[in-house]
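Just so it is clear: in the sequence shown, position 206 is 202 by the working numbering, and no numbers are missing.
All remarks here apply to the structure that follows.
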Amino acid sequence: MDLRLDGKTAIVTGASRGIGLAIARRLAEAGAQVMLSSRKPAALEEAAAELAGLDGDVAWYAAHAGDPDQASACIAATLERFGSLDILVNNAATNPHFGPMLEIDRAQAMKTVEVNQLGVLGWCQAAYRAAFEQHGGAIVNIASIGGLGPEPGIGWYNVTKAAVIHLTRQLAFELAPGVRVNALAPGLVRTHFARALWEPHEAGVSAQIPLRRIGEPDDIGSAALFLVSDAASWITGAVLAVDGGATSRPSGGVG
Ligand SMILES: NC(=O)c1ccc[n+]([C@@H]2O[C@H](COP(=O)([O-])OP(=O)(O)OC[C@H]3O[C@@H](n4cnc5c(N)ncnc54)[C@H](OP(=O)(O)O)[C@@H]3O)[C@@H](O)[C@H]2O)c1
């Protein structure tokens, strides 16, 4: 099974911490050259220093995931620095609203769509035009199990994650056979982003998950490495839940 990425170049958005940093680490361990991207330069510099010395070179470029011009600039910087682009991981996302979906205001709803949904489209467009159209590539979009069904508190965020799942399948169809496009749907993972969901009652949350623990960022990193590697060369349009079995629980229905 070929999980090595020697000679390949990857961009990971939202890579300064959490799941994005874990994905970047796995790709660099496998030999890929990795461009880390997120908004804050200081955090990126720290993340790049943390990954220095792995098999693949690591660099960083600050870009807002919801701004298509900044996506293009990051991709141009990647081509200049590493000479190629073969892998794109769309991981950055935001959630400015917590509570009933109908209470979200329009500005928050638009911001969520801009980063989580249009952002993913914009990076795919820019990467395809700049590199993948010529020689192919692999894209992994980070969705969420919340994009597969209703959950309390994060309804509109989950609508954008459902859109990422559909966008993934649509692009897999449109970009085949040159570019593979897959999605990961994480369950609850121990990161800053999800802290309010796990920190106050981790033991209780873990007890509800078939594998009896919340996820660690490396759980998602390993799955991402598999999907972008040649080991997954016949997989496109897939949505892989990495959730400790959370989506495999009995529905609680009467049937
Ligand atoms: N943690 C979970 O339980 C969970 C579950 C399902 C899905 N996910 C998904 O996993 C992905 C990563 O989440 P995480 O939990 O690792 O979050 P995290 O620890 O908060 O990290 C988020 C990363 O994204 C960057 N970022 C945030 N907004 C950005 C923007 N507008 N433009 C560019 N970069 C931005 C952050 O850096 P800056 O702030 O410096 O930009 C940071 O590097 C997201 O797509 C999230 O929806 C997470």
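Each residue gets a CB set at the ideal place from its N, CA and C atoms; glycine is no exception.
Only a predicted model underlies this, so the values are computations on that prediction, with no experimental measurement involved.
Nearest-angstrom Cβ-Cβ length linking L236 and L223, presumed shorter than 8 angstroms: Taking the first residue of the sequence shown as position 1, residue 236 is located at position 240. Taking the first residue of the sequence shown as position 1, residue 223 is located at position 227. Right, their Cβ atoms sit about 7 angstroms apart.
Exposure of D215, with buried meaning 16 or more beta-carbon neighbours within 10 Å: The count along the sequence shown starts at 1 and reaches residue 215 at position 219. Its Cβ being crowded by 16 or more others within 10 Å, D215 is buried.
Distance cut-off 6 angstroms: N154 Cβ against heavy atoms of ligand 1: By 1-based counting over the sequence shown, the position of residue 154 is 158. Flag unset: Cβ of N154 not near ligand 1.
CB contact flag (A139, V160, <7 angstroms): Taking the first residue of the sequence shown as 1, we reach residue 139 at position 143. Taking the first residue of the sequence shown as 1, we reach residue 160 at position 164. Cβ atoms of A139 and V160: closer than 7 angstroms.
Proximity test, R253 beta-carbon vs ligand 1 heavy atom, cut-off 6 angstroms: As shown, the chain starts at -3 and ends at 251. That puts residue 253 outside it, with no answer to give.
Of the listed residues G132, G49, V201 and R102, nearest to G27 (C-alpha basis): The sequence position of residue 27 within the sequence shown is 31, counting from 1. Per the Cα distances, G49.
Residues sharing a beta bridge with M31, DSSP: The residue you call residue 31 lines up with position 35 of the sequence shown. BP columns for M31 point to I7 and A55.
F94: CB within 6 angstroms of a non-hydrogen atom of ligand 1: Along the sequence shown, one-based indexing puts residue 94 at 98. Not so, every heavy atom of ligand 1 lies at least 6 angstroms from the Cβ.
H188: CB within 6 angstroms of a non-hydrogen atom of ligand 1: Along the sequence shown, read from residue 1 onward, the residue named residue 188 stands at position 192. Because some heavy atom of ligand 1 lies under 6 angstroms away, the Cβ of H188 counts as near it: yes.
Residue closest to M(-3), alpha-carbon to alpha-carbon, out of E41, W194, A39 and L221: On the sequence shown, residue -3 is found 1 positions in, with the first residue counted as 1. Nearest of E41, W194, A39 and L221 to M(-3), Cα basis: L221.
Proximity to G52 [Cα-Cα], best of R21, A73 and L(-1): Counted from its first residue, the sequence shown places residue 52 at position 56. Nearest option by C-alpha distance: R21.
I141 beta carbon less than 7 angstroms from that of D239: As a first step, residue 239 is located in the sequence shown; it is residue number 243 there, counting from the start. As a first step, residue 141 is located in the sequence shown; it is residue number 145 there, counting from the start. Closer than 7 angstroms, so yes.
For I231, three-class secondary structure by DSSP: If you number the sequence shown from 1, residue 231 lands on position 235. Correct three-state label for I231: coil.
Any non-hydrogen atom of ligand 1 closer than 6 angstroms to V16 Cβ: Mapped onto the sequence shown, residue 16 falls at position 20. Before going on, a small fix: residue 16 reads as Gly here, not Val. True, at least one ligand heavy atom lies under 6 angstroms from that Cβ.
N3 and S34 closer than 7 angstroms at C-beta: Position 7 of the sequence shown holds residue 3. Position 38 of the sequence shown holds residue 34. The sequence shown places Gly at residue 3, not Asn. Not closer than 7 angstroms, so no.
Any non-hydrogen atom of ligand 1 within 6 angstroms of V224 CB: Translated into positions along the sequence shown, residue 224 becomes position 228. Result no, Cβ not under 6 angstroms from ligand 1.
P196 versus A24 - alpha carbon distance: Along the sequence shown, read from residue 1 onward, the residue named residue 196 stands at position 200. Along the sequence shown, read from residue 1 onward, the residue named residue 24 stands at position 28. If you take the alpha carbons of P196 and A24, they lie about 33 angstroms apart.
Spatial neighbours of F254 in its chain, beta-carbon cut-off 8 angstroms, leaving aside the 5 residues before and after: This structure leaves residue 254 out entirely; the chain is present only between -3 and 251.
Proximity test, G241 beta-carbon vs ligand 1 heavy atom, cut-off 6 angstroms: The residue given as residue 241 occupies position 245 in the sequence shown. No, Cβ of G241 sits at least 6 angstroms from all heavy atoms of ligand 1.
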